[in-house]
Structure formats: C-alpha cells, structure tokens
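Visitor:
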Amino acid sequence: MEIERHEYDVVVIGAGGAGLRAAIEARQQGKRTAIVCKSLFGKAHTVMAEGGAAAAMGNVNSDDNWMVHFRDTMRGGKFLNNWRMAELHAKEAADRVWELEAWGALFDRTKDGKISQRNFGGHEYPRLAHVGDRTGLELIRTLQQRVVALQQEDYETHGDYEAYIKVFQECTVTRLLKDASSVHGPAGAISGAFGYWRETGNFILFDAPAVVLATGGIGKSYVVTSNSWEYTGDGHALALLAGANLINMEFIQFHPTGMVWPPSVRGILVTESVRGDGGVLRNSEGKRFMFDYIPDVFKDKYATTEEEGDRWYTDQANNRRPPELLPRDEVARAINAEVKAGRGSPQGGVFLDVSTRLPAEEIKRRLPSMHHQFKELADVDITAEPMQVGPTCHYIMGGVEVDADTGAAAVPGLFAAGEVSGGMHGSNRLGGNSLSDLLVFGRRAGLGAAEYVNALPARPAVAQESVDAAKAEALAPLERSGENPYEVHHELQRTMNDLVGIIRKAEEVSEALEVVEKLKERVELVGAAGSRIYNPGWHLALDLRNMLLVSECVARAALLRQESRGGHTRDDFPGMNPEWRRKLLVCATPDGAAVTVEEKVQPPMRKDLFDLFDLGELKKYLTEEELGNAE
Amino acid sequence: MSYKAKFKVWRGEGGEGKLEDFTVEVNEGEVVLDIIHRLQATQAPDLAVRWNCKAGKCGSCSMEINGKPRLGCMTRMSTFEEDETITVTPMRTFPVIKDLVTDVSFNYQKAREIPSFTPPADVRPGEYRMKQVDVERSQEFRKCIECFMCNNVCHVIRDHEENKPAFAGPRFLMRIAELDMHPYDVAERKDSAQEQHGLGYCNITKCCTEVCPEHIKITDNALIPMKERVVDRKYDPLVWLGNKIFRRKS
Amino acid sequence: MTQTTPESPVRRQRAQIKVRTLRTDNWWLAPLLTFLGLSSFLVYGVWAIFDGSYYYAPSEYIAPFSSPCLATSCPEGARFLGLAPFGDWYTLPPGLLILGLPGGFRLTCYYYRKSYYRSFWLSPPACAVQEPHGKYSGETRFPLIIQNIHRYFFYAAIAIGLILAYDAVLALIHTPTGLGTWILILNAVLINLYTLSCHSCRHITAGRLNHFSRHPVRYKAWTFVSKLNAKHQPLAWASMFSVMGADFYVRLVAKGIVNFPFA
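Chains as they are written, first to last, in this note's numbering: chain A, 1 to 631; chain B, 632 to 881; chain C, 882 to 1144.
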C-alpha cells in the first residue's frame, strides 16, 4: 500500500502545552508546521494540571522576582537542575503567561485587576497564575485557540486553514528517520518521522528536517499513576532510538496526593492547591504528622507548630509556612512512611482534610473540580469529610538531554520540550513549574527548530530502507497471534510500581531489571487480534517497546545513583551526597535495544547565579571543591 | 462485592454494526469505562473506545449509556441495578469510525469558523486589567472540556443532519457568548451569531445543559443571553434607536 | 480539524440504530405532565375569560384574569383607577382586552418555550429522543422568529404585575382579614417574582454589559435577578397555579359558592 507522505519544515510530536507552544512559535517564524498527537486535539494530558503556572509576576507579593523563583526552583531540584534552564525559566515565565492572556486566557484576578497568584509547595511567594483548579485546561484551550487563530490568519491570506499549521490528530509516531549521509547537512540529521493513523491503521510519513518532541512523560509504566494512557514514554524512546541521550531518568516525582479509592481511579490527582488553600494532612490518629518530617535543609523555612502554620495563611510576612507545603518529594515520602507505620487511612492512604478548615461555599468556589471529582468518582463530599490520599506516579524529571537555549538534542534536527526534556527540574519539580516550563521551553524549542531549519543548506533525505524497517516493525504484532499485550503491560506496571517505586533498594531494582529483560523477549511475541482500524490492542503492543526502553533507563539509573535526592530515594543510601550532585546519569542505546548509562559531570553554576545564594545554604549541597572554586 | 453485569455494546465500522451482548465482571467503585476496558482486556481486544484522563477532565470518553449521552469515566456502575442490561452506543450525531469511537471533526470545523479572540490593537501583553466579576461569566464557559455531548444531544443536528452546515451547536454558540462577554473583545459577534452560526435554530429546549458534565448552564447563561444580545442588535427598535441617537457601541 | 484525519470510504455514516431512543427511564413522563399542566391552564383560561363573575365588590376582590378591567361593562368598583378607555362599542368580555399581555409574556417566555416545544411540538419530546418532524428551522423564521419580542411582553408584564399588586393592596385595605386578600397577595408576589426572574429582565438589568465593575448598581440588580432567574421554571409553574387558583377563588366568592365569614 502507498504510504501517505507530507512535507513540513517542523514536525511537533505531542499537542500538550509544550507541543502547541512550540508549534505556534515555529509557525510564527514562518515555518510550515505539523502537530502530531495521539489523542484528539485539545485532550492532551496538560488538561489535568490543576494548580497553576508559576511565574514571578509579583502581582500578589511585589517582593517576588525571577531571582527568588530561580532560587526556589534550584532548591526544589536539590541543585541538580540545569541552572541555565532554571534561569531562563524564571526570567521568561511571566512573559509567557501574559502572552496567554493576549490570546484569550482568563485567569483569576486580583482586586486591582491583575492576574491573581496562589501559594504552592516550595514557592516562597504566591506565584501561581491560575483559574480555579483547572489551570491546565485553560492553558491548553488557549493554545488550541491560538493555533486556530493562526489557521484563520492563513485562511485569510492563503485561502487554506491548513496552509502553514496542521494538526494530525489520533496519529502515533513510531520512528524518527535520519539522513544517513552528510550530503544535505550534518551527518545523521533528522529527516522525518514515521507513524500510523490510529483510526485507520494506515501509515504516514513526514518529510521534515526538524522534529520537536513534546510527548510528556512515562507514567503508564506504573500501576498507580496520575497519567493517562498516552504517557507511554514515546518521546523518550524515539529520542533514544534516534541516538539522543536521556538524563536524570532515575528521578520520578510521586505526587503526594492521589486518590486511593475507588480502585478504578486510584492515582488520579488531588491538586496541591487543596493544601495551598488550607488543607491539612492527618494520619489515622488525627495527628498533623508533617511537622515530624521537616528535613534539616528546610528547618528554618517551615512552621514548627500548628498555630504558626495556621497563622501563615493570613499573615505570610510574620509566619513560616506549614510543612504540608514542603516540596512534593518530602510530602510523598512522609505519607509513605505513615502508611507503612500502620497509621494510614482505611483504604491505604492518609487523610487530607479541608472540610474543617474552610467554609463549604469557599471550598466549592476555590476547588470546584476537586469537589466535583470526589463527588462523582468516590461519592465523597469534601466540604463535609476528609479525602483519602496517597502518593501517585506523577512526573518524570528526567528526559532528553537538550541545549537550554534552543531545546536541541544531541541529534541534529531533534528538539525536545516539556516533560520529555530533562534537566530543568533537577531531581524534583516544584508544583506550578511544569506549566511555565511548557510555555518557556515550548517556545524556545519551536524557535530553535525554526532557526535550525533556516541554517540548513539542504533538506536531509528520508532513506527508503528506514521507512521499510519502520513499517515492518509496526506491522509485526498484527502478523503474530501471541500473548495479549495487556498482560505484558500489566506485569511491567506492577514491576515498576513495586520494585522501582517511591523507595528503592539495590536488590529490588536489580530484580526489576531482570523482569524487564524477560518482558523484552515477551514483547517480541505479543500479538494483536483484529484489524488495523482503531485497534487498541495493536496500539498498546507498539507502545510497549517504548515503555520497556524507558523503564530500563529508569531502573538502570536508579541502581547506579547511590544516594537519595528528590525523586530518587534509596533505602540503602538514605542521605544526599554532594559528589553525586555534580553527576548526571546519561542513558543511551547504541544498538537500539540495550540501554547503557554513563556518568557525566555537570558544568558549575555561573558566578552571578551562584552569588544569588547564601553560602551557608550551598554548603548543604555542594562539595568543598565546588565551594572553593567559586570563591 | 463483584458481580456479573449484562452489557450490550454497539460494535461495527462505518455505519454498519449491531449491539453485541457481553457478560462481564463488575467490582465495587467502578465506572462504565472500567467495564469497557475489562471487555478490551478479556473478551474483545479490538473494541474501540476513546478515552484519556479517566477523571472527567478531558472529555474524550463521550458515549451514550442507556440512551443518554454520558462520559464513560463519570458514570458509576452503582447507579445501575445489578440485573439491569446496560446498553452502550457511540454518539449518534457524528459519523462512527469504529465501535464507540466517532468522527467528531464537525466540532473542530465549527471551532474554526468562529473568529478568535480579538483584543484592541493597542493593549500589550501584561497590560490587561480585568475585574474578577467581569471575567466570571466567560470563565464559566471556559470550563468546557469539549466532550461534544451538547452538540451530540442537540436535536437541531441530532435529528436533522441537513442543519449541520448552518448550525454551530451549543458548544460553539457558547464560545461566541464567551467572547462577546469578554471585557477586551472588540469583534462583532451578534449579527454573525444569528446569520452565520445559527443561533436562531436553538429552541432552548435545554438538552445541552442537561447533559453537560461540567454543569455549565449553557442555555441560561450563554445561549439565552446571546439571543437577547442579538435582539438588541436586530429585533429591538428601541435599542436600535437609542444606539443611533447616542451613537453607542454596545 | 476537518482534515486531521484522512477520508476513507467506510466513514461518514452514523451508527445505524433504528430505535428512536435507547433510554430506559420514564422520559415520556415529564413532557406528559407538562402537557397536562399547560392544557389545564389553557382550558381554564378560556372558561375564565367568558365567565362573568370576576368581581366581588364587598371585599374588593377582582379575579386576576380580568384585571385590569378596562371595558365599560366592568362594574364601577372593578374598573382600574376608574378608567374605561375603550368606550361603549366594546361588548366582549373585558378579560379579552388584556389577556394578550400576560398570555404573550408566558407564550414567549424562554422557559415556557422550552416546555411547549417539548410537550406539545415534541421537538424534542425529551433529550436524546428523536423528534417526529422531518424538517426543522427553529426560531430562524416566521412565525417563531417573533419570539424575539419577548422583552416587550416583559415590559407589559411589569405593568400587569404592579396592577395585581395594587389589586391585592386594595383588597387588603378593604378586607384585611379575608382569605381572598391573602390569596391575592400571594399570587401578586409570585407573579412579580416570576416576572422579575425573566431572562429578558436579566439581560436588561446588566446582562447586556461587558463591564459589570463599571456599573455596580446594575451589577447588583443583575446578581439579584440572576438568583431569581435560576428559579424561573419553578416560579413559572407556581405563579401559573397561583393565578389560576386566585382567579378561581375570587369567582367562587363572587358566585356565592364560597361564603364563609373570612372568605
């Protein structure tokens, strides 16, 4: 059968916040842009983001500025962050949020008519631009509508809505294609992408010199996750297979508050705003246990008594914040410890209570979708009773290693932004930094891709052999009548959840790696019954390759990093180690099947950024040598 | 706590298909989408269903359950009797691709026909000043998760395919209302709502509001106010005269 | 995204489901009850217009269906402010003169439209139940495009509502202890609440504005009307039954059928 073929300047894979922002930028730079996404346009996982977009606009507290935001981000990531990304992010987030407003976003307002900002874990000042607790929806809808606005412009000038920007929805990319020669530009440069329509099962080929990955995360490798089915680590795997590197893959954020009941919605997120707006965590004894879990590095930043914590909500200048608002990794570990100690709730979580803290009306106004979610899914009225919550796999800090300024990966023509890229958040992401990350680096990747295309002497060519190989690979599961892919998937999820979860041990991670090896063999044999038309079993069989590759990266890196930091907690190495802070673990797959991991030393922070911190604080994180060099 | 439930699921490709019977396990706390997934995993691996967030936030799993448009992920099994046969069909108003998956491109097409947010040329990003009370109405409409169940249930197009070209459907008439009420939008939307997007087809029978999973008061807060705004412009001689005399722009 | 998916020949067809609806609940009940309720109102209205005993002088009760009484045939005390503007040529029942105003208000009311489009015209009878008509053009053309004059009926309904309130006050002055007085008061309250809860009223107070913050008084009014508006449907039914009840009661008193001491 003839393969449908399209020619574009930039192909963006993923239509969440980062993908859409990248596509908008590429189109604004005059590039013909395709957006390819697995779901319908506007359904991407970004809609699930609730709290807000962190940007130091200083609308609520005028003391806020990019430097404070930068410091908070670095602290949250335990100084493992790519400092240049953290700097760009802190500096540009405000502009990106304001830009959304000019595209039609309607954020909640302050009294004087500016964008309102709310408190969030790890942020020193109220910083999150938000719309109730559905900020992600607002963000994606605004970007979606901006894409439509650009299409309308193109319709005016060219008579075709899709002259410059087109969405290929319900379409999955399975391989990135490269130019083998160096005739048309840098050797091994990206020349296109190969995929299939979910709807018909027909193949599609993009001829494009630049590809922006914006595929989000990997949560579907875990049983308990807040992520949707799309989060199968496609971008991570595509990048690896194309020859790019992944960094920080051992750092996975377990959001402290996911729903624990009913089983079918286990893992679905309960927004951090519940705590930001006054909600408290209690164990089965009714104790606000977070006061027992304040780590030393945060001792002077958090309240030590309930009274002080409660005063903070109304008087932030004179009180320290309650420990419920510690960074997510701390809270998740604390909940995990309480449950293990037998002080959990009946369904295996802890209690998150806002009902005794705010009047019912206020709860409904501030947390409408949480109220709705619990009412509809769990039959719990959060204005009258506490919720039960527990940690859920939420976000991967690791991802494609990219250049901070342009989003460029190691492979020429390959770019990445958003969750699929790595470095920005270090070992742990602060809540609210994700939506702003999408916007800042989505734009930069779109811009980077456009500039890369401008500088190319000629378009790299798609080699027919690689297309044939990709086609054969995609068709394979349909031609077999083997094991049901759902079973392999389920075993992978259980393995990762139990053995490479929130708390890790060397033996368990090694065991997980053995299981992954076996699963790799089983994946070679899974079959998908039925036709090519909208066949979810087939789709899953293809996604399994990606999930396994990524899971292997996570496990291998987790085994190597012998310390606990942010989203990586080793039972056998409980402390943070400054030597490890300097090192990144870089995953690659030279042969396209086995994963290798290498250590790489991070470049030291630029002097002016270094000076933003108090030396006393840096001593907790940096080695003597690093501290000495800076002086 | 688990029991076997009887399901009838519409299966087919293109328009052709039929209701197929299934008996399937149901556990406590599950929703219809869970059961569909169980069918996929155990009995019908190629059963097509669209879904995503599973928390009522993305609007992907719209289907018709016992004849009513519902989100599969937000329809708890406990709302049915154990001996009840549950019938699941795809949305009726849109062409079916396979099983429960429909081609909703109608909606994307309509979205494109509505002129985007048009702020005054001289306001720069960061300079917007809007009071909370002035954005609240439009914010309600922006809660929309685009499940397209309102467009699916609306009899104007559900029962009359031929009206599709002339009628944007509740979702996009609401989008027009959202923009028309936006404090900074300057585009003309009233005449076009009536002339191009078919607001006059709406006979306010409120099914859109009834099925909205976000509980947006589509009819009372968007469609009727928009109809009244159209009346100002087109059918009310007094307002027309007043505008002429005082040279007001509403 | 018309184009985001390729055309293929198997598509472009709706699922072929032959039945009008797959709903399993009693979806026909609500339209049936509405049909019966509205029909009873119509039947009663026709009877009431032609019924002559609409005024009970001793207590100053006037039946709401015949108020304001503006024909020369109206008894002296029943005439609204003593007026009889239509002259002697008009010999039909006085109720007919004003019937069109409250009737038109209800006929073009956004709630009643929903209820009779559903229950009388079956367009649609209930959500996700196929309607029986082959063609549908809604309110885009004559005659239904006339529904757009609703706000003018609203202006008239304000006047009618005030007159009913005035009638109730007159009755209160003359017969403070009469049951009829309190029925008329209750009716006047419900009628006025229904009138104020009107969608057009909501639009006029401030709904047409885009900057509530610049018109704090109108915004307050809008907020109040919006609250009432959310109850437009119950108020429509309550005021419909109250006006029927009050009207019937006054006629019973006027006919002498009801004649206990505090009637």
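Glycine is no exception: its CB is placed at the ideal position from the N, C-alpha and C atoms.
Buried or exposed: residue 813 (chain B), going by 16 or more other Cβ atoms within 10 Å of its Cβ?
Guide: Walking along the second sequence from the start, residue 813 (chain B) turns up at place 182. With 16 or more other Cβ atoms within 10 Å, it is buried.
Visitor: Sorted by chain position, which residues of the same chain lie with C-beta nearer than 8 Å to residue 615 (chain A)'s C-beta, five sequence neighbours on each side aside?
Guide: In the first sequence, residue 615 (chain A) corresponds to position 615, counting from 1. Once the five neighbours on either side are set aside, the close Cβ partners of residue 615 (chain A) are 627.
Visitor: In chain order, what residues of the same chain lie with their CB nearer than 6 Å to the CB of residue 871 (chain B), ignoring the 5 residues before and after it?
Guide: As a first step, residue 871 (chain B) must be located in the second sequence, where it is residue number 240. So no residue of the chain qualifies.
Visitor: Quick one, are the C-beta atoms of residue 367 (chain A) and residue 274 (chain A) less than 9 Å apart?
Guide: The residue given as residue 367 (chain A) occupies position 367 in the first sequence. The residue given as residue 274 (chain A) occupies position 274 in the first sequence. Yes. Within cutoff.
Visitor: Less than 9 Å between CB atoms is the rule here; does residue 745 (chain B) satisfy it with respect to chain C?
Guide: Indexing the second sequence from 1 puts residue 745 (chain B) at position 114. No, residue 745 (chain B) does not count as interfacial toward chain C.
Visitor: Take the Cβ of residue 654 (chain B) as the centre, count every other Cβ of all protein chains shown within 10 Å, and call the residue buried at 16 or more, exposed below.
Guide: Indexing the second sequence from 1 puts residue 654 (chain B) at position 23. Result: exposed.
Visitor: Scan the region 8 to 85 of chain A and note each continuous beta strand (DSSP E) run of 3 residues or more that stays entirely inside, going in chain order.
Guide: 10 to 13 and 33 to 37
Visitor: Strictly by DSSP, which residues pair up with residue 210 (chain A)?
Guide: Translated into positions along the first sequence, residue 210 (chain A) becomes position 210. Residue 210 (chain A) pairs with A:10.
Visitor: Give, in chain order, every residue of the region 895 to 915 of chain C whose Cβ lies closer than 9 Å to some Cβ of chain B.
Guide: Of all residues in the region 895 to 915 of chain C, 895, 896, 897, 898, 900, 902, 903, 904, 905, 906 and 908 have a Cβ within less than 9 Å of some Cβ in chain B.
Visitor: Please compile the residues from chain B whose C-beta is within a distance smaller than 7 Å of the C-beta of residue 1110 (chain C).
Guide: Within the third sequence, residue 1110 (chain C) is the residue found at index 229, counting from 1. Chain B residues near residue 1110 (chain C): 851.
Visitor: Leaving out five residues before and five after residue 669 (chain B) in sequence, what residues of the same chain have Cβ atoms less than 6 Å from its Cβ?
Guide: Reading the second sequence from its first residue, position 38 is the one you call residue 669 (chain B). Annotation for residue 669 (chain B): 655 place their beta carbon closer than 6 Å to its own, counting only its chain and skipping 5 residues before and after.
Visitor: On the three-state DSSP scale, how would you describe residue 505 (chain A)?
Guide: Translated into positions along the first sequence, residue 505 (chain A) becomes position 505. Coil.
Visitor: Looking only at its own chain, which residues have a Cβ that is under 8 Å from the Cβ of residue 158 (chain A), when we skip the five neighbours before and after it?
Guide: On the first sequence, residue 158 (chain A) is found 158 positions in, with the first residue counted as 1. So the list reads 164, once near-sequence residues are dropped.
Visitor: Helix, strand or coil for residue 1097 (chain C), going by three-state DSSP, please let me know.
Guide: Within the third sequence, the letter at position 216 stands for residue 1097 (chain C). Helix.
Visitor: What residues from the region 82 to 99 of chain A come within 8 Å of chain B, judged by C-beta to C-beta, listed N to C?
Guide: 94, 95, 98 and 99
Visitor: Once the 5 residues before and after residue 789 (chain B) are set aside, which same chain residues still bring their CB inside 8 Å of it?
Guide: In the second sequence, the residue the question calls residue 789 (chain B) occupies position 158. Cβ neighbours of residue 789 (chain B) beyond the five flanking positions: 723, 724 and 783.
Visitor: With H, G and I counted as helix, E and B as strand and the rest as coil, what does DSSP make of residue 452 (chain A)?
Guide: Here residue 452 (chain A) is taken as the residue at index 452 of the first sequence, counted from 1. Of the three classes helix, strand and coil, the one that applies to residue 452 (chain A) here is helix, per DSSP.
Visitor: Going along the chain, which residues of its own chain have a beta-carbon closer than 8 Å to the beta-carbon of residue 705 (chain B), five neighbours each way excluded?
Guide: Residue 705 (chain B) sits at position 74 when you count from the first residue of the second sequence. Excluding positions up to five away in sequence, the list reads 662, 687 and 844.
Visitor: So which of A:68, A:147, A:358 and A:303 has the shortest CA-CA distance to residue 54 (chain A)?
Guide: Numbered from 1 along the first sequence, position 54 holds the residue referred to as residue 54 (chain A). Measuring from the Cα of residue 54 (chain A), the nearest candidate turns out to be A:68.
Visitor: DSSP on residue 696 (chain B), reduced to helix/strand/coil?
Guide: Within the second sequence, numbered from 1, the residue matching residue 696 (chain B) stands at position 65. Residue 696 (chain B) falls in the strand class under three-state DSSP.
Visitor: Using 9 Å as the limit for Cβ to Cβ distance, is residue 1156 (chain C) near chain B?
Guide: Because chain C spans 882 through 1144 in this model, residue 1156 (chain C) falls outside it and cannot be assessed.
Visitor: What three-state label does DSSP hand residue 889 (chain C) in the structure shown?
Guide: If you number the third sequence from 1, residue 889 (chain C) lands on position 8. Note that residue 889 (chain C) scores a pLDDT of 48, beneath 50, so its modelled location is shaky and nothing firm can be said.
Visitor: Report the residue from A:390, A:245 and A:175 whose alpha carbon sits nearest the alpha carbon of residue 225 (chain A).
Guide: As a position in the first sequence, residue 225 (chain A) is number 225, starting the count at 1. Closest option to residue 225 (chain A), Cα to Cα, is A:390.
Visitor: Taking all protein chains shown into account, do 16 or more other C-beta atoms lie within 10 angstroms of the C-beta of residue 1092 (chain C), making it buried, or fewer, making it exposed?
Guide: Along the third sequence, one-based indexing puts residue 1092 (chain C) at 211. So residue 1092 (chain C) counts as exposed.
Visitor: Rounded to whole angstroms, what is the Cα-Cα separation between residue 601 (chain A) and residue 583 (chain A)?
Guide: Taking the first sequence and counting its residues from 1, the one referred to as residue 601 (chain A) is at position 601. Taking the first sequence and counting its residues from 1, the one referred to as residue 583 (chain A) is at position 583. One alpha carbon belongs to residue 601 (chain A), the other to residue 583 (chain A), and they sit about 5 Å apart.
Visitor: Determine the chain B residues that contact residue 138 (chain A) at a beta-carbon separation under 8 Å, and present them in chain order.
Guide: The count along the first sequence starts at 1 and reaches residue 138 (chain A) at position 138. Within chain B, the residues near residue 138 (chain A) are 773.
Visitor: Kindly indicate if chain A contains any beta-carbon less than 9 Å away from that of residue 770 (chain B).
Guide: Here residue 770 (chain B) refers to the residue found at position 139 when the second sequence is read from its first residue. Interface residue, yes.
Visitor: What are the residues of the region 1029 to 1059 of chain C that lie near chain B, defined by any Cβ-Cβ distance shorter than 9 Å?
Guide: Taking 9 Å as the Cβ-Cβ cut-off against chain B, the residues of the region 1029 to 1059 of chain C that qualify are 1029, 1030, 1031, 1032 and 1033.
Visitor: Which partner residues of residue 636 (chain B) appear in the DSSP bridge assignment?
Guide: For the purposes of this step, residue 636 (chain B) is taken as residue 5 along the second sequence, with counting starting at 1. In DSSP, residue 636 (chain B) forms a bridge with B:655.
Visitor: By the criterion of Cβ-Cβ separation under 9 Å, what are the contact partners of residue 261 (chain A) in chain B?
Guide: Position 261 of the first sequence, counted from the first residue, corresponds to residue 261 (chain A). Result: 660.
Visitor: Just the chain B side, please: which residues come within less than 9 Å of residue 108 (chain A) by C-beta, in chain order?
Guide: The sequence position of residue 108 (chain A) within the first sequence is 108, counting from 1. By Cβ distance, chain B contributes 763, 766 and 770.
Visitor: Would residue 812 (chain B) pass as an interface residue toward chain C - the criterion being a Cβ-Cβ separation below 9 Å?
Guide: In the second sequence, counting from the first residue as 1, residue 812 (chain B) sits at position 181. With 9 Å as the cut-off, residue 812 (chain B) counts as an interface residue toward chain C.
Visitor: Could you tell me if residue 963 (chain C) is buried or exposed, where buried requires 16 or more neighbouring beta carbons within 10 angstroms of its beta carbon?
Guide: Numbered from its first residue, the third sequence carries residue 963 (chain C) at position 82. It is exposed - the Cβ of residue 963 (chain C) has fewer than 16 other Cβ atoms within 10 Å.
Visitor: Using a beta-carbon distance cut-off of less than 8 Å, what residues from the region 1060 to 1081 of chain C approach chain B?
Guide: Those residues of the region 1060 to 1081 of chain C that come within reach of chain B (Cβ to Cβ, closer than 8 Å) are 1080 and 1081.
Visitor: Would DSSP call residue 866 (chain B) helix, strand or coil?
Guide: Taking the second sequence and counting its residues from 1, one reaches residue 866 (chain B) at position 235. Residue 866 (chain B): helix per DSSP, three-state reduction.
Visitor: Take residue 938 (chain C) as the anchor and find which of C:1107, C:1038 and C:1054 has the nearest alpha-carbon.
Guide: Here residue 938 (chain C) refers to the residue found at position 57 of the third sequence. With distances taken between Cα atoms, residue 938 (chain C) lies closest to C:1054.
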